[in-house]
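J.: Residue numbers (numbering that gives the first Met the number 0), protein chains in the order written: chain A, 0 to 337; chain B, 0 to 337. Built from N, CA and C at the ideal position, the CB exists for glycine as well. I'd like to ask you about the structure that follows.
2 protein chains.
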Amino acid sequence: MGVVVPLEGGKTNESTVRRLVDLTARDMGRVNELILSKAGSDVAMIPEVANHLISSGGKRLRPMLTLAAAQLFGYSGDAHVKLATSVEFMHTATLLHDDVVDESDLRRGKTTARTIWGNQASVLVGDFLLGQAFRMMVDVGSLEALDILSTAASIIAEGEVMQLAAAKNLETTEDEYMAVIKAKTAALFSAACEVGPVVAEATRADRAALRSYGLNLGMAFQLVDDALDYGGDAATLGKNVGDDFREGKVTLPVILSYRRGSPDEREFWTRAIEGNETGDVELEAALGLVARHGAIGDTITRARHFGEIARDALAPLPTSPQKAAMIEVIDFCISRVS
Amino acid sequence: MGVVVPLEGGKTNESTVRRLVDLTARDMGRVNELILSKAGSDVAMIPEVANHLISSGGKRLRPMLTLAAAQLFGYSGDAHVKLATSVEFMHTATLLHDDVVDESDLRRGKTTARTIWGNQASVLVGDFLLGQAFRMMVDVGSLEALDILSTAASIIAEGEVMQLAAAKNLETTEDEYMAVIKAKTAALFSAACEVGPVVAEATRADRAALRSYGLNLGMAFQLVDDALDYGGDAATLGKNVGDDFREGKVTLPVILSYRRGSPDEREFWTRAIEGNETGDVELEAALGLVARHGAIGDTITRARHFGEIARDALAPLPTSPQKAAMIEVIDFCISRVS
Chain A
0 MGVVVPLEGG KTNESTVRRL VDLTARDMGR VNELILSKAG SDVAMIPEVA
50 NHLISSGGKR LRPMLTLAAA QLFGYSGDAH VKLATSVEFM HTATLLHDDV
100 VDESDLRRGK TTARTIWGNQ ASVLVGDFLL GQAFRMMVDV GSLEALDILS
150 TAASIIAEGE VMQLAAAKNL ETTEDEYMAV IKAKTAALFS AACEVGPVVA
200 EATRADRAAL RSYGLNLGMA FQLVDDALDY GGDAATLGKN VGDDFREGKV
250 TLPVILSYRR GSPDEREFWT RAIEGNETGD VELEAALGLV ARHGAIGDTI
300 TRARHFGEIA RDALAPLPTS PQKAAMIEVI DFCISRVS
Chain B
0 MGVVVPLEGG KTNESTVRRL VDLTARDMGR VNELILSKAG SDVAMIPEVA
50 NHLISSGGKR LRPMLTLAAA QLFGYSGDAH VKLATSVEFM HTATLLHDDV
100 VDESDLRRGK TTARTIWGNQ ASVLVGDFLL GQAFRMMVDV GSLEALDILS
150 TAASIIAEGE VMQLAAAKNL ETTEDEYMAV IKAKTAALFS AACEVGPVVA
200 EATRADRAAL RSYGLNLGMA FQLVDDALDY GGDAATLGKN VGDDFREGKV
250 TLPVILSYRR GSPDEREFWT RAIEGNETGD VELEAALGLV ARHGAIGDTI
300 TRARHFGEIA RDALAPLPTS PQKAAMIEVI DFCISRVS
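If you want it as structure tokens, here you go:
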């Protein structure tokens, strides 16, 4: 099922986020301490549920980006650690609520919190983490950072509702799909990157650069994620091919395959997505159709488009290890599909 | 099923919140406009779900308290209108999430949003309203008000998880019950009242007075609410006697009746609450036991205790229409049980 994507610029498939990890290692140690402390509560169920998700092997890309974006402008205080933790909590809260919304039993190959503790705990612990995220932002005291992150919180929820309203609708256009992923995924990447220059008191142009980098990186990230669901190496990624298909999600590989398909093929997609016929046989058929229409390759081409915009957003900035690391992240996101 | 409670201080059962309504009428007009505007979205499902709940006949006690608390200290700007709207959105978000957690089909005699649009929409629109609440607070720009309200958001969620963890546990002590209602209900009343003097730049003592008034009023409010579920006039209140019983909630009337009951009675409560035997026959029996042990009257006595503390919290403040209105609210809350 592996999909090999030729990478431009001589990048190999071994692209990693190693530079970003190294540059933020010390600060991430403080973020991880803060995560444990702020997810704590005398109400035992809160750290239980929170730690289940927090320890489940996410890359913590978003908080690392906040830290690197602050370092990029020479920031030396500790506000970026609190903001990075806030960003990770907002992300974790979204995942907890998403699992309830999607009725998911597995995330990253691990049983979801809602399966173990019930929907109730997932909803409420998500609310708690969101509250804690806001408290940390308030503690930092930057109204600009608060504005950026609270706006992102509204936009993310709006994007999730948009996705819900469009659920199982094969007439969803590519534009509508792009609007959904911009809101539900790219908005948080964008906010995570923009608050770095904000606490570092960088210029408006620098803020705009990081905001644009994050937004476009987030678009690329989600597009690749949606492509991976119809290919990629499940073993290394901890993601199962076909999850989105089985949940009837109308992502870009489906949108392209449906639009490019014959009337018979469209009937197949309708039975599958709207009629919930999404067993193993149907998944095999779907993978065949997606391949026939080049829908994975074209989804990645779209991702690369956003990746290039993200790269150019950083272009005016002077050379630095942080800049190099952030560019490497773009390559990593796109080369995941290998 | 009516429970008549003799009210102290010569108050009649006709106590209302009329003074509060009159004093805040003009500002509430602006709050209502802001509610409609900030619950708006191009994603049609958001205003649909939000308006379903917003228009369902709540008293809007919390935002009125924020407005009156700001007026009490001569505030003449418009920050209190935004904060009052934020408070109402936080409350609405909590209700949306509560309905999912409680699996409720009815609220105030009206079909819940989750029954019409599904759990998914209730979770996500709640998240959206919470995000909008924070944006409005950020817009006001008071870090103190942000601190108070974001802390309340965490505490409310913590209280809800506490309640969930203690669900159907008849060994819940009165202290544990009090801790739950303090977090899930009283914390928001307290924050709603405290942000008034904060935006009015009142003294620390005045802030403390309003915080204490709100906290104790909230305790009284929830105790009476829990008493009403085992009595009161359902027709006028839009609340059905027995809702809590049917959901197996361990509220103070149950805690007192269980603790005071015979071994046979305790077995009855165990079958009902833990074994979900909560039909009409069991409800009749439960009402009989609650009455026999004076559990409603004593729940109201506890409420009155907190009401007195709320009244004394305001005692040092000079006489004013706002002060009189806020004291009337205490009487109203307690006299609801009639």
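1) In three-state DSSP terms, what is B/A233?
2) Assign A/L105 to one of three DSSP states: helix, strand, or coil.
3) Using 8 angstroms as the limit for Cβ to Cβ distance, is B/I45 near chain A?
4) Rounded to a whole number of angstroms, what is the C-alpha to C-alpha distance between A/E87 and B/G306?
5) Following the continuous alpha helix (DSSP H) through A/H368, name the residue where it begins and the one where it ends.
6) Please state if the CB of B/H96 and the CB of B/L187 are separated by a distance shorter than 8 angstroms.
7) Excluding the five sequence neighbours on either side, which residues of its own chain have a C-beta within less than 7 angstroms of the C-beta of A/L52, listed in chain order?
8) Could you tell me which chain B residues have their CB closer than 8 angstroms to the CB of A/N50, listed as they occur along the chain?
9) Report yes or no: is there a C-beta of chain B within less than 8 angstroms of the C-beta of A/S189?
10) By the 10 Å Cβ neighbour count, where 16 or more other Cβ atoms means buried, how is A/T235 classified, buried or exposed?
11) With a threshold of 8 angstroms between beta carbons, is A/N168 in contact with chain B?
12) In chain A, what lies closer than 7 angstroms to B/V280 by C-beta?
13) Just to confirm, is the Cβ distance from A/A208 to A/A312 under 8 angstroms?
14) Identify the contact partners of B/V124 in chain A, using a Cβ-Cβ distance below 7 angstroms as the criterion.
15) Could you check whether A/L129 and A/P346 sit closer than 8 angstroms to each other, using their CB atoms as the reference points?
16) Does B/S36 have its Cβ less than 8 angstroms from a Cβ in chain A?
17) Compare the C-alpha of A/N31 against each of A/K81, A/D138, A/I299 and name the closest.
18) Using 10 angstroms around the beta-carbon of B/D174, count the other beta-carbons present and answer buried if the total reaches 16, otherwise exposed.
19) List, in order along the chain, the chain A residues whose C-beta lies closer than 8 angstroms to that of B/H96?
20) Mind checking if A/N157 is an interface residue toward chain B, Cβ cutoff 8 angstroms exclusive?
21) Residues of chain A with a CB under 8 angstroms from the CB of B/L145: which are they?
22) State buried or exposed for A/N215, treating a residue as buried only when at least 16 other CB atoms are found within 10 Å of its CB.
23) For B/V256, I'd like the list of residues in its chain whose CB is within less than 6 angstroms of its CB, leaving aside the five on either flank, ordered along the chain.
24) A/K181: which of A/R206, A/E193, A/A219 sits nearest, CA to CA?
25) Anything in the stretch 208-229 of chain A with a Cβ closer than 8 angstroms to a Cβ of chain B? List those residues in chain order, please.
26) Using 8 angstroms for Cβ pairs, my map puts B/S189 next to B/G217. What's the rounded Cβ distance?
27) Anything in chain A within Cβ reach of B/T150, meaning under 7 angstroms, just list it in chain order.
28) My output table needs one value for A/S319: the three-state DSSP class, helix, strand or coil.
29) Could you tell me whether the stretch 155-175 of chain B touches the stretch 247-264 of chain B, using the rule of 3 or more Cβ pairs below 8 angstroms?
30) So, does the CB of A/A164 fall closer than 8 angstroms to a CB anywhere in chain B?
31) Mark B/V197 as exposed unless 16 or more other C-beta atoms lie within 10 angstroms of its C-beta, in which case mark it buried.
32) Helix, strand or coil for B/T277, going by three-state DSSP, please let me know.
33) Please classify B/T318 as buried or exposed, where buried requires at least 16 neighbouring CB atoms within 10 angstroms.
34) Please state whether DSSP places A/D110 in a helix, a strand or coil.
35) Measure the alpha-carbon distance for A/E276 versus A/R270 and round it to whole angstroms.
T.: Per the coordinate set shown:
1) Residue placement at B/A233 is flagged as unreliable, the pLDDT there being 44, under the threshold of 50; the coordinate-derived value follows with that caveat. Three-state DSSP puts B/A233 in a helix.
2) strand
3) yes
4) 41 angstroms
5) Because residue 368 of chain A is not part of the residues shown, which for chain A are 0 to 337, the question remains open.
6) no
7) T91, L94, L95, A112
8) Those within 8 angstroms of A/N50 in chain B number zero; the least Cβ separation is about 14 angstroms.
9) no
10) Reliability fails at A/T235, whose pLDDT of 45 lies under 50, so the model's placement of it is uncertain and no value is given.
11) no
12) Chain A residues near B/V280: none, gap ~28 angstroms exceeds 7 angstroms.
13) yes
14) V160
15) Look at the range of chain A in this structure, 0 to 337, and you will see that residue 346 of chain A is not part of it.
16) no
17) A/K81
18) exposed
19) V122, L123, D126
20) As written in the sequence, residue 157 of chain A is Glu, which differs from the Asn given in the question. By this cut-off, A/E157 is an interface position.
21) F133, V137, L145
22) buried
23) Per the sequence shown, the amino acid found at residue 256 of chain B is Ser instead of Val. Once the five neighbours on either side are set aside, the close Cβ partners of B/S256 are L288, V289, H292, A294.
24) A/A219
25) none
26) 6 angstroms
27) R134
28) coil
29) yes
30) yes
31) buried
32) coil
33) exposed
34) As written in the sequence, residue 110 of chain A is Thr, which differs from the Asp given in the question. Reduced to three states, the DSSP call for A/T110 is strand.
35) 6 angstroms
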